[in-house]
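Asker: Sequence order for the protein chains is C and G.
Numbered according to the numbering used here, the first sequence terminates at residue 749, and the numbering increases by one at each position without gaps.
Numbered according to the numbering used here, the second sequence terminates at residue 576, and the numbering increases by one at each position without gaps.
Once you've had a glance at the structure underneath, I'll fire off some questions.
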Amino acid sequence: MQALGGVSFEAETGITGLLGPNGAGKTTLLRMMATVMSPDSGSLRLLGHDPTDPLARTVIRRSLGYMPQEPGFHRSFSAFAFIDYVAILKEMTDRRARHAEVIRVLDLVGLGDQARKRIRALSGGMRRRLALAQTLLGDPELLVLDEPTAGLDPEQRLRFRELISDIAVRQTVILSTHQTEDVATLCNRVIVMDEGIILFEGTPSELAEIARGRVWAAHERDARATLSWRTGDGMHRHIGVAPPGAHLIDPTIEDAYLLLVGHRVVAENVA
Amino acid sequence: MIIVLAALLGVALIVVLREGSPRGKAADSVTPEPTLEHARGSVVRALAIAEGKLLARNPLVIAGVALSGTALFAVGQGSRLFLDDMGVALMLFPMAGMTLIASNLAVLRGRRDGLEEQFGSCPVGPTARTIAHSLALAGPVLYACIVAAAWTITARALGSIGRPHVVELLTGPILVACAGLVGILLARLLPRSAASLFMVIAIGFLEGALSAERGHLKPLAPFMPTLYQPVEVETRPRGWHIVYLLGIAGALAFGAIARHRRGPRIWSALGLAATLAISAAFAQYRAQTPARDARAAAWIATPEAFQSCRHHGLVTYCAYDEYAELIDRWRAPVDGVLALVPAPVRARPLLLRQRLPAEAISGMERLEIRAALPFPVPSAGPFAWSDDGAIHPDMTLCNHSREPRCQIVLAESAAAWAVGLPISRTHPADPAAGDLPTEKERIAALGLMDSSGQARAVVALWLTLQSTPGIRGAPPDTRARQANRGTTYTLTPCQEGPPVAWSFKDTGYARRLSERPAAEVSARLASMWTIVTDPRTTTRQLAQIFDLQVPTLAMGAPPPAFNDC
């Protein structure tokens with residue numbers, strides 16, 4: 479089974495968001511970018527290097543921070559000890575400099591005062607921040623974050639966004655998410671993927687523009703719409719064909735996203 | 012058969028666990044480690060320090076240290092360090108087992124905690140991590156060295172003789188390292204935590220099978236149990252054995268590295284280590300030659316050819332070189348007896364020659380050595396009087412914790428010699444001519460001499476009581492102890508077998524006599540020495556000479572608590 483096909487894009491400084499339904503190939507793409515998986519065919523260049531070349535792969539890894547979808551932890555370690563251990567794996571050998579860097583990244587994610595606490599005693603949100611902290615070690619050029627806001631409450635998500643947006647001033651951040659809200663508020667570029675191919679690549683506003691003229695508000699539900707749902711004000715929001723008596727409204731990123739991958743969503747709902 | 016079964020069990024286990032491991036299949040999707048992975052020494056060192064601290068604090072390793080330390084000090088407390096050093100490695104087996112499991116779990120920590128992907132994106136790859144895990148074993152190895160050194164110092168302080176062989180002492184720590192490397196290799200080949208436990212059990216089986224082996228394979232057992240016979244009789248070449256273990260350690264380490272980093276250099280190193288181990292194993296096998304067996308037999312049968320002697324007056328003390336420091340300990344009780352006997356007795360030359368104990372000869376595992384021994388084998392029997400008129404201390408006499416026994420046995424022997432008790436037990440039959448001993452003769456040779464009723468027995472007993480400074484301070488009641496024979500009493504402070512059995516009456520008379528001033532008794536005995544040591548003089552006559560009352564039963568009653576064994 480082919481997870482990815484014909485995917486080609488370039489990412490620069492700033493945040494690039496990967497949007498797509500489950501099984502779209504986001505995680506596969508990010509794992510390839512994190513060099514923990516190699517493509518069966520085709521070519522991949524990261525930071526100007528070919529990750530299939532062993533030496534180049536090591537060079538890439540020196541400039542890479544990766545946070546998987548479900549980050550792991552040595553729960554018996556303290557937050558400091560865990561980040562310190564990862565720092566060694568990132569070739570930080572000078573003890574003093576390494577410890578200073580560990581303290582820096584822990585402060586950056588707001589865990590400076592929790593450094594001596596065992597990971598098992600940290601909350602889920604704190605652990606997510608700890609996972610982010612290990613990606614920030616050594617100020618890598620490229621940050622690959624797989625659904626970093628998954629499982630966070632709104633307040634924690636806001637803090638996360640604040641943190642990532644600060645980082646992205648200097649670094650290239652590629653993150654995958656299900657949250658169109660994250661993309662709208664964080665990303666300067668967005669890639670919509672489905673079934674292993676790229677459906678859209680551009681800015682969030684360009685994404686929203688795709689749906690311009692195809693999002694309607696009506697009093698009644700219309701079966702011909704690609705997607706239709708009742709909103710809080712009692713009106714029905716239609717995407718696709720205009721129902722009778724409907725009027726055009728400003729589209730959002732979510733509308734465009736649903737327009738692009740709506741057939742999958744419908745199929746999944748039917749299933 | 013046990014080895015084959017253990018091997019089959021291990022292979023089957025690996026196959027079963029691999030088939031049932033969904034995570035193992037998932038790991039295949041991870042990009043293989045580059046063959047030219049960059050693993051800088053400083054990174055490996057930093058990681059090794061981090062892993063070393065974790066391993067050194069690991070509860071399993073700490074428990075292993077406690078178990079091995081306890082076993083070593085409780086069970087393996089040595090008395091001859093040049094021989095008992097072999098037992099150190101065996102006593103470190105619990106620690107080695109724990110290190111195997113701990114190192115295995117340390118390698119699998121990332122996998123267990125779902126960190127393989129995160130770590131996989133770091134520049135330091137599994138090869139460097141494997142090397143770091145291997146180097147981290149320095150902690151447990153250091154613990155093993157400390158335990159072995161502490162054992163040596165303590166044993167030496169308690170009076171053990173000789174010095175342990177450094178190579179033999181190092182065998183234990185190297186085995187701990189080997190065990191840790193087995194854990195690492197196992198984790199790289201079969202990433203299942205439970206596998207390490209099965210591996211420890213399998214190694215236990217293998218160790219048991221090889222060490223129980225009476226043939227040429229015995230030296231291949233990783234841990235060598237302490238043998239009763241001295242090192243000269245032990246045929247394991249310790250130098251080759253440590254090379255064998257180092258070869259195994261190297262093969263394990265390079266095998267673990269080769270799991271992720273293959274190349275000519277790794278294969279060459281692996282091949283070299285394996286060749287070293289096999290060559291050393293073969294050298295151990297070849298070391299057990301007939302010439303070596305013949306030399307060991309000669310060492311037992313003709314001790315005079317291998318011993319050094321020291322002369323003190325007319326007393327000659329001869330001991331094997333390793334035991335030479337025992338001579339000073341033998342002197343005190345012998346001198347004590349000689350100081351109490353008349354000058355003509357002191358003018359008789361006395362020889363103390365060390366011999367291998369009879370039980371060591373009968374329990375010897377190398378049948379080739381036993382076959383090369385003459386009959387009867389000259390040995391240190393459990394009796395005060397020997398087959399040649401000399402006194403024959405054995406290898407354990409006067410080692411630490413045996414001090415009371417040492418003094419009593421030697422004083423008894425010297426006293427028996429002084430009063431003329433030795434009976435020639437040289438066998439009249441000549442086995443070379445097919446003249447086998449009769450059953451009666453054989454029993455007589457093994458049985459205790461019955462000296463009851465002879466005055467000289469009481470004199471010998473009195474001399475023993477007066478010349479055992481190590482136990483002289485003990486209350487009189489604690490000096491005598493009931494022996495297993497029921498009707499006789501012995502001065503042996505423990506029940507391991509009386510060196511001389513004395514009758515109840517003789518013991519009682521000797522104790523009556525010991526209540527008198529020693530100088531007075533000594534002077535009187537000296538003046539009547541010929542009479543009191545005549546075999547025909549009875550204890551009743553001696554009692555009349557000294558005006559001794561017939562002892563009561565209570566005088567021979569066993570003491571309430573006295574056990575120096």
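Glycine included, C-beta positions come from ideal geometry on N, C-alpha and C.
Within 8 angstroms, do at least three Cβ pairs link the region 537-550 of chain C to the region 675-690 of chain C?
Answerer: The region 675-690 of chain C is not in contact with the region 537-550 of chain C.
Asker: Hey, G:Ile185 and G:Ala232: beta-carbon distance below 9 angstroms or not?
Answerer: Within the second sequence, the letter at position 174 stands for residue 185 of chain G. Within the second sequence, the letter at position 221 stands for residue 232 of chain G. Their beta carbons are not under 9 angstroms apart, which means G:Ile185 does not touch G:Ala232 by this criterion.
Asker: Please list, in chain order, the chain G residues whose beta carbon lies closer than 7 angstroms to that of C:His577.
Answerer: Residue mapping note: residue 577 of chain C aligns to position 99 of the first sequence, counting from 1. Correct list: empty, because the minimum Cβ distance to chain G is about 12 angstroms.
Asker: For C:Gly501 and C:Val739, I'd like the C-alpha separation in whole angstroms.
Answerer: As a position in the first sequence, residue 501 of chain C is number 23, starting the count at 1. As a position in the first sequence, residue 739 of chain C is number 261, starting the count at 1. Between C:Gly501 and C:Val739, the C-alpha separation is close to 12 angstroms.
Asker: Shortest alpha-carbon distance to C:Asp624 belongs to which of C:Gly590, C:Asp660 and C:Arg594?
Answerer: By one-based count along the first sequence, residue 624 of chain C stands at place 146. Comparing Cα-Cα distances from C:Asp624 to each of C:Gly590, C:Asp660 and C:Arg594, the minimum goes to C:Asp660.
Asker: Helix, strand or coil for G:Met97, going by three-state DSSP, please let me know.
Answerer: As a first step, residue 97 of chain G is located in the second sequence; it is residue number 86 there, counting from the start. Reduced to three states, the DSSP call for G:Met97 is helix.
Asker: Three-state secondary structure (DSSP) at G:Pro151?
Answerer: For the purposes of this step, residue 151 of chain G is taken as the residue at position 140 of the second sequence. Three-state DSSP puts G:Pro151 in a helix.
Asker: Mapping DSSP to helix, strand and coil, what is G:Pro248?
Answerer: Mapped onto the second sequence, residue 248 of chain G falls at position 237. G:Pro248 falls in the coil class under three-state DSSP.
Asker: Please state if the CB of C:Ile731 and the CB of C:Arg715 are separated by a distance shorter than 9 angstroms.
Answerer: In the first sequence, counting from the first residue as 1, residue 715 of chain C sits at position 237. In the first sequence, counting from the first residue as 1, residue 731 of chain C sits at position 253. Contact: no.
Asker: Count the other CB atoms within 10 Å of the CB of C:Leu507; is the residue buried (16 or more) or exposed (fewer)?
Answerer: Taking the first residue of the first sequence as 1, we reach residue 507 of chain C at position 29. Classification for C:Leu507: buried.
Asker: The beta strand (DSSP E) with C:His577 in it runs from where to where?
Answerer: Residue 577 of chain C sits at position 99 when you count from the first residue of the first sequence. Note, C:His577: premise wrong, no beta strand (DSSP E); alpha helix (DSSP H) at Arg573 to Leu586.
Asker: So, helix, strand or coil for C:Phe678, using DSSP?
Answerer: Along the first sequence, read from residue 1 onward, the residue named residue 678 of chain C stands at position 200. The answer is strand: DSSP assigns C:Phe678 an E or B state.
Asker: Can you find at least 3 beta carbon pairs, one from the region 268-286 of chain G and one from the region 295-305 of chain G, that sit closer than 8 angstroms?
Answerer: Too few Cβ pairs lie closer than 8 angstroms, so no.
Asker: Out of C:Leu496, C:Thr505 and C:Gly492, state which residue places its alpha-carbon closest to the alpha-carbon of C:Trp678.
Answerer: The sequence position of residue 678 of chain C within the first sequence is 200, counting from 1. The amino acid at residue 678 of chain C is misidentified as Trp; the sequence shows Phe. Closest option to C:Phe678, Cα to Cα, is C:Leu496.
Asker: Going by beta-carbon coordinates alone, are C:Gly503 and C:Gly674 separated by less than 9 angstroms?
Answerer: Within the first sequence, the letter at position 25 stands for residue 503 of chain C. Within the first sequence, the letter at position 196 stands for residue 674 of chain C. It is a contact, given that the beta carbons lie within the stated cut-off.
Asker: If I measure Cβ to Cβ from G:Leu228 and keep anything under 7 angstroms in the same chain, skipping five residues before and after, which residues do I get?
Answerer: Taking the first residue of the second sequence as 1, we reach residue 228 of chain G at position 217. Cβ neighbours of G:Leu228 beyond the five flanking positions: Leu221.
Asker: Determine the direct distance from the alpha carbon of G:Ala113 to that of G:Arg321, and round the result to whole angstroms.
Answerer: Here residue 321 of chain G corresponds to residue number 310 of the second sequence, with the count starting at 1. Here residue 113 of chain G corresponds to residue number 102 of the second sequence, with the count starting at 1. Roughly 53 angstroms between the two C-alpha positions.
Asker: Pick out the complete alpha helix (DSSP H) segments inside the region 110-185 of chain G, 4 residues or longer, and give them in chain order.
Answerer: The region 110-185 of chain G contains these whole alpha helix (DSSP H) runs: 120-123, 127-131, 137-146 and 149-168.
Asker: Could you have a look at G:Thr286 and say whether DSSP puts it in helix, strand or coil?
Answerer: Working through the second sequence from its first residue, we reach residue 286 of chain G at position 275. Three-state result, G:Thr286: helix.
Asker: Examine chain C for any beta-carbon lying closer than 9 angstroms to the beta-carbon of G:Leu58, and answer yes or no.
Answerer: Along the second sequence, one-based indexing puts residue 58 of chain G at 47. It does; some Cβ of chain C falls within 9 angstroms.
Asker: If contact is defined by three or more beta carbon pairs under 8 angstroms, each pair taking one atom from either stretch, is the region 52-61 of chain G in contact with the region 372-390 of chain G?
Answerer: Touching, no.
Asker: With burial defined as no fewer than 16 other Cβ atoms inside 10 Å of the residue's Cβ, what is the status of G:Gln555: buried or exposed?
Answerer: Taking the first residue of the second sequence as position 1, residue 555 of chain G is located at position 544. By the 10 Å Cβ count, G:Gln555 comes out exposed.
Asker: Report the three-state DSSP secondary structure of C:Leu610 (helix, strand or coil).
Answerer: Here the question's residue 610 of chain C lines up with position 132 in the first sequence. Looking at C:Leu610 - three-state DSSP - the assignment turns out to be helix.
Asker: What distance in whole Å lies between the Cβ atoms of G:Leu363 and G:Thr327, which are believed to be in contact at a cut-off of 8 angstroms?
Answerer: On the second sequence, position 316 is the one that residue 327 of chain G refers to. On the second sequence, position 352 is the one that residue 363 of chain G refers to. The Cβ separation is near 7 angstroms, so the contact holds.
Asker: Between G:Gly35 and chain C, is the shortest Cβ-Cβ distance under 9 angstroms, so that the two count as touching?
Answerer: By one-based count along the second sequence, residue 35 of chain G stands at place 24. Per-residue confidence for G:Gly35 stands at a pLDDT of 33, beneath the threshold of 50, marking its modelled position as unreliable; the derived number appears in the next sentence. Taking Cβ atoms only, chain C never reaches closer than 9 angstroms to G:Gly35, which makes this a no.
Asker: Let me confirm a value: G:Trp310 is counted as buried when at least 16 other C-beta atoms fall within 10 Å, else exposed. Which label applies?
Answerer: For the purposes of this step, residue 310 of chain G is identified with residue 299 of the second sequence, where counting begins at 1. Answer is buried; the Cβ neighbour count reaches 16.
Asker: In chain G, what lies closer than 9 angstroms to C:Tyr544 by C-beta?
Answerer: In the first sequence, counting from the first residue as 1, residue 544 of chain C sits at position 66. The answer, in chain order, is Glu128, Gln129, Gly131, Ser132 and Cys133.
Asker: Would you list, in sequence order, the uninterrupted alpha helix (DSSP H) runs of no fewer than 4 residues that lie entirely inside the region 342-387 of chain G?
Answerer: Runs found: 354-357, 369-373 and 378-382.
Asker: Where does C:Ser706 sit, in a helix, a strand or coil, going by DSSP?
Answerer: Counting from one through the first sequence, the residue named residue 706 of chain C turns up at place 228. Correct three-state label for C:Ser706: strand.
Asker: Determine the DSSP secondary structure at C:Arg715, reduced to helix, strand or coil.
Answerer: As a first step, residue 715 of chain C must be located in the first sequence, where it is residue number 237. DSSP places C:Arg715 in strand when its eight states are reduced to three.
Asker: What does G:Thr549 pair with, by DSSP beta-bridge criteria?
Answerer: For the purposes of this step, residue 549 of chain G is taken as residue 538 along the second sequence, with counting starting at 1. G:Thr549 is bridged to G:Gln465.
Asker: Applying a beta-carbon distance threshold of less than 8 angstroms, which residues of chain C neighbour G:Val54?
Answerer: Mapped onto the second sequence, residue 54 of chain G falls at position 43. By Cβ distance, chain C contributes Ile566, Glu569 and Thr571.
Asker: Is C:Phe558 close to chain G? Criterion is C-beta to C-beta, closer than 9 angstroms.
Answerer: Translated into the one-based positions of the first sequence, residue 558 of chain C becomes position 80. So, not an interface residue.
Asker: With distances taken from CA atoms, which of G:Ala190, G:Ala223, G:Ile253 and G:Ile195 is nearest G:Ser290?
Answerer: Residue numbering aside, residue 290 of chain G sits at position 279 when the second sequence is read from its first letter. Nearest C-alpha to G:Ser290: G:Ile253.
Asker: Hey, C:Phe551 and C:Ile597: beta-carbon distance below 9 angstroms or not?
Answerer: As a working note, residue 551 of chain C is residue 73 in the first sequence. As a working note, residue 597 of chain C is residue 119 in the first sequence. Yes, Cβ-Cβ distance for C:Phe551 and C:Ile597 is below 9 angstroms.
Asker: Looking at the secondary structure, which residues open and close the alpha helix (DSSP H) in which G:Asp304 lies?
Answerer: In the second sequence, residue 304 of chain G corresponds to position 293, counting from 1. First-last of the alpha helix (DSSP H) with G:Asp304: Pro301 to Ala312.
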